[in-house]
Each structure stands twice: as structure tokens, then as C-alpha cells.
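Asks: Let me give you the structure first, and then I'll get to my questions.
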Amino acid sequence: MADDTRPERPPTEVRMVEIVFPTDLNPLGTMFGGRVMELMDKAASVAAARFCQQVVVTASMESIDFHTPIRQGSLVEVVAKVVYTGNTSLIMRVDVFSEQPLTGQRELCTTGYFSMVALDQNYQPTLVPRLLVRTPEEQADWERAKEMREASQRRRAQKV
Numbered sequence: 154m155a156d157d158t159r160p161e162r163p164p165t166e167v168r169m170v171e172i173v174f175p176t177d178l179n180p181l182g183t184m185f186g187g188r189v190m191e192l193m194d195k196a197a198s199v200a201a202a203r204f205c206q207q208v209v210v211t212a213s214m215e216s217i218d219f220h221t222p223i224r225q226g227s228l229v230e231v232v233a234k235v236v237y238t239g240n241t242s243l244i245m246r247v248d249v250f251s252e253q254p255l256t257g258q259r260e261l262c263t264t265g266y267f268s269m270v271a272l273d274q275n276y277q278p279t280l281v282p283r284l285l286v287r288t289p290e291e292q293a294d295w296e297r298a299k300e301m302r303e304a305s306q307r308r309r310a311q312k313v
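Next comes the structure, spelled out in C-alpha cells:
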């Protein structure tokens with residue numbers, strides 16, 4: 154029997170906003186990269202869990218690129234989106250934007266991809282819903298994530 158409470162298309166995107174405080178800064182006065190990655194991982198986890206309605210864990214992070222620094226007092230918006238689904242895993246694209254609260258000026262600062270694995274009650278990998286790809290942009294995201302997944306699998310196979 155189908156679960157009538159589940160939406161036809163589960164939510165694929167999560168947006169989180171934080172402000173950059175002095176405790177978030179590195180010695181150069183910009184946001185510490187590890188803190189940015191922590192926020193990215195958290196947003197990816199929330200988006201993946203909401204999409205598949207399962208507990209998820211981070212399996213890997215791929216292609217994290219820091220484009221521009223984020224300064225103290227900036228607002229940081231982290232946007233995580235499901236871009237690929239396998240059998241038990243999901244790939245999330247995560248974009249980080251800085252925003253100047255007084256002017257509204259926004260800038261893309263960091264991008265990355267996170268591979269998440271859904272777990273059942275026994276902490277074993279479990280099936281995830283299939284992502285419905287509907288737009289050319291979603292198809293391009295799907296293809297890029299699929300290529301990244303295949304490259305990651307090849308790297309892991311070589312290390313064995």
C-alpha cells in the first residue's frame with residue numbers, strides 16, 4: 154500500500170542561513186574553511202534525510218572549491234540539493250553564498266559535492282527514492298554527479 158502522506162516529489166533542496174562571528178574566523182580574518190565545510194555537511198545531511206526520510210551519513214566529499222573568502226559579519230547561505238540518487242546513496246550539490254546584510258550584495262563563495270548513504274534501523278545501507286529529473290539543468294547536474302560517482306568508485310577500487 155502506498156504511503157499517502159509522502160509528497161509526489163520529496164523536497165530536494167534545503168537552505169540554511171548563519172552569520173559569521175569572530176569564532177568562525179581563521180588568522181587571516183576570513184571564515185575558516187573547516188567551518189564552511191561543517192555547514193555544507195550539515196545542510197547536505199538535512200537535505201538528504203528529508204528527501205529519503207531515512208537516517209543518512211556522509212560517505213565522501215568531492216570537489217570542494219573555495220572561490221572567494223567570507224568575512225566577519227557576513228550572512229552565509231548554504232544551499233544543498235539532491236542531484237543524483239543511486240540504490241542506497243545520494244549525491245548532494247552544496248553551494249555557499251555570502252551576503253552583505255547592509256547592501257544585500259551576494260556572492261558564490263564555495264561549491265562542493267557530498268555523497269550520503271541512507272541507513273535503516275540496523276545501521277545498514279537501505280534503498281533511497283529515485284530522483285525525478287525534469288529540467289535540462291537537473292539533467293546536467295545528474296550527469297556531472299554520475300561522472301563524479303564513477304570516478305570515486307574507480308579511485309576506491311584502485312586502493313584495494
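In case it helps, the working numbering puts the sequence shown at residues 154 to 313.
Here a beta-carbon is modelled for each residue, glycine too, at the ideal position from N, C-alpha and C.
(1) Determine contact between the stretch 246-265 and the stretch 215-229, defined as no fewer than three beta-carbon pairs at a distance below 8 Å.
(2) What separation, rounded to the nearest whole angstrom, lies between the Cα atoms of Q274 and Q206?
(3) From the DSSP output, in three-state form, read off G186 for me.
(4) Do you know offhand how far P164's Cα is from L243's?
(5) Quick one: give me the first and last residue of the alpha helix (DSSP H) that K299 is part of.
(6) Counting C-beta neighbours from all protein chains within 10 Å, is the total for R283 16 or more, i.e. buried, or is it exposed?
(7) Using the Cα positions of E171 and D177, report the straight-line distance between them to the nearest angstrom.
(8) Starting from Y266, trace the beta strand (DSSP E) in both directions and tell me its first and last residue.
Replies: So, to answer that:
(1) With contact defined as three or more Cβ pairs closer than 8 Å, the stretch 246-265 and the stretch 215-229 are in contact.
(2) 12 Å
(3) helix
(4) Computed Cα separation, rounded: 13 Å.
(5) Taken as a continuous stretch (DSSP letters only), the alpha helix (DSSP H) holding K299 covers P289 to Q311.
(6) exposed
(7) 11 Å
(8) R259 to L272
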